[in-house]
Amino acid sequence: MRLAVTIVTYNRPGLLDELLESVLAMNRPPFRVVVVDNASAPETAQIIESYRARLGDDVLVNHRMETNTGGAGGFSEGVRLAVEAGADWIWLMDDDVEILPEAMDRFEPWMDRFAVLHGRRYDVDGTPFFWQAKFNQFLGVPLPYTRRAFSDEGYAITNSGTFEGMLIRTDIVRSIGLPDPRFFISWDDAIYAWLASRQTEVAYVDAFVLKRKRAQRQVNLGLRHLNDSSALAKYHVMRNRAYVGRYFAEHGKLNRPGFALGTVLTLAKEIFRLVVVERSLRGLGVLMRGVRDGRRIWRDREWAPMPPLTTDSARSPEKDHP
């Protein structure tokens with residue numbers, strides 16, 4: 323089994339260093355380690371290259387982007403590189419996690435059964451980190467889950483996902499295409515897993531494989547943690563609702579009144595985040611700008627989804643971000 327660990331990084335060399343150390347500690351070394359550097363400062367390149375001898379010159383792929391393409395653009399490029407390298411499986415992750423040494427042992431029992439997997443994560447303080455787990459088809463928003471969502475066998479079927487740990491088989495990538503770089507950040511991973519769920523079952527398994535390393539301001543709501551977010555994230559979480567809607571419409575799954583309600587609820591959640599977590603309304607204008615720019619995406623008659631991945635369709639649509 324040829325596993326490509328695919329990492330996207332942007333100006334967090336200390337966290338990247340810890341992640342690459344954890345790659346070395348894996349009890350099953352990966353076939354490739356693809357690091358996509360989103361035009362970071364030079365220190366990031368130095369950190370990556372410091373691992374070349376330890377990982378192996380044939381294992382480490384250090385790919386620097388000319389500009390910052392966001393997580394979406396980075397993962398799109400990283401998946402392309404992993405496929406071209408001949409990977410059977412691609413494990414996608416941001417630079418602010420570390421891999422638990424026995425992660426692949428914990429994944430192995432599930433890899434013959436499912437083609438898209440997520441394991442569980444510990445938060446910075448060692449407590450379980452709660453993910454959003456499944457798109458509500460009417461609202462077009464992922465709803466949170468609790469441990470009770472797992473079956474007696476230890477898994478839950480979903481139609482959403484995250485690039486902070488998605489493990490996907492390459493044949494599914496070829497079928498659904500590369501991650502869509504136009505998202506820049508936010509919703510890109512959720513819609514990618516949703517597209518995969520239309521081809522195969524997507525599973526969360528009750529096995530811890532990662533630990534988050536970046537501390538954030540957060541409020542524990544019981545079912546999930548609500549973190550602070552950057553201005554870029556605020557903008558894209560609202561603008562990219564339009565991309566989610568376009569993908570739903572493309573596959574005949576868009577309920578326009580329900581989706582509009584889901585967008586209102588998403589905006590309300592982001593305002594709640596401002597008030598409760600960040601204790602400020604300064605990001606409200608950014609949220610509304612995202613809503614406004616999303617309307618342009620809805621009106622774009624030339625919009626098209628990402629194509630299946632073939633030798634002549636690997637080029638992504640033009641990137642669309644601020």
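Under the working numbering, the sequence shown has 603 at position 281, and the numbering climbs by one with no breaks.
Beta carbons are placed, not taken as given, at the ideal position from N, Cα and C, and that holds for glycine.
All figures in this text were calculated on a predicted structure; none of them were measured in a lab.
- Secondary structure note for L325: it is in no alpha helix (DSSP H), and the uninterrupted beta strand (DSSP E) holding it is 325-331.
- Look at R520 here: in three-state DSSP terms it is coil, with no helix or strand label.
- Residue range 411-416 is occupied by the beta strand (DSSP E) that includes M415.
- With contacts defined by Cβ atoms closer than 8 angstroms, T331 and L338 form a contacting pair.
- Of all alpha-carbon atoms in R563, V327, I498, the one lying nearest the alpha-carbon of A404 is that of V327.
- Judged by DSSP in its simplified three-state form, H573 adopts coil rather than helix or strand.
- Taking a cut-off of 8 angstroms on C-beta distances, the region 552-567 touches the region 498-505, as three or more cross pairs fall below it.
- Within the region 405-477, the runs of beta strand (DSSP E) that reach at least 3 residues and sit entirely inside it are, in chain order, 411-416, 419-421, 438-444, 454-458, 463-466.
- The DSSP-derived three-state label of A525 is strand.
- If you draw a straight line from the Cα of R334 to the Cα of D416, it is about 10 angstroms long.
- In this structure, the CA atom of E388 is about 17 angstroms from the CA atom of Q368.
- Inclusion of V524 and G487 in the CB contact set at 8 angstroms is not warranted, their separation being larger than that value.
- Comparing C-alpha distances from S372 to each of H573, A361, N384, A363 shows the shortest one belongs to N384.
- For T492, the CB contacts under 8 angstroms within the same chain, skipping 5 residues up- and downstream, are A404, V405, A409, D410, W411, I412 in chain order.
- If you look at I593, you'll find it isn't in any beta strand (DSSP E); it sits in the alpha helix (DSSP H) that goes 578-595.
- Cβ-Cβ separation between A518 and I494: approximately 5 angstroms, consistent with a contact (criterion under 8 angstroms).
- Counting only runs of 3+ residues, the beta strand (DSSP E) found wholly inside the region 488-513 occupies 489-491, in chain order.
- Annotation: D359 is outside any alpha helix (DSSP H); the continuous beta strand (DSSP E) that includes it extends over 354-359.
- Distances from the alpha-carbon of D474 to those of V527, G483, F451, Y514 put V527 closest.
- By the C-beta density criterion, H573 is exposed, having fewer than 16 other C-beta atoms within 10 angstroms.
- Comparing C-alpha distances from A515 to each of Y569, Y557, K535 shows the shortest one belongs to Y569.
- Counting along the chain, V383 sits inside the beta strand (DSSP E) bounded by residues 382-386.
- Straight-line spacing of the CA atoms in R374 and E343 works out to 12 angstroms.
- Per DSSP, V598 is not a residue of any alpha helix (DSSP H), being assigned neither H nor E.
- For L589, the CB contacts under 8 angstroms within the same chain, skipping 5 residues up- and downstream, are M560, L609, V613 in chain order.
- Excluding five sequence positions before and after D418, the CB atoms of its chain that fall closer than 6 angstroms to its own CB belong to L337, K535, R536, given in chain order.
- Assigned with DSSP and collapsed to three states, R617 falls in helix.
- In the same chain as F451, and ignoring 5 residues on each side of it, the C-beta atoms closer than 8 angstroms to its own belong to R442, R443, Y444, D445, R534, H547, in chain order.
- Non-local beta-carbon contacts of A361 in its own chain, meaning distances under 6 angstroms to residues more than five positions away in sequence, involve M387, T389, N390 in chain order.
- Cβ neighbours of V381 within its own chain (closer than 8 angstroms, five residues either side excluded): P351, P352, F353, R354, V355.
- E424 places its beta carbon 8 angstroms or farther from that of N481.
- The beta carbon of L346 is closer than 8 angstroms to those of Y373, R376, L377 in its chain, skipping five residues each way along the sequence.
- Taking the Cα of F581 as reference, the smallest distance to any Cα among P364, L414, Q459 is reached at Q459.
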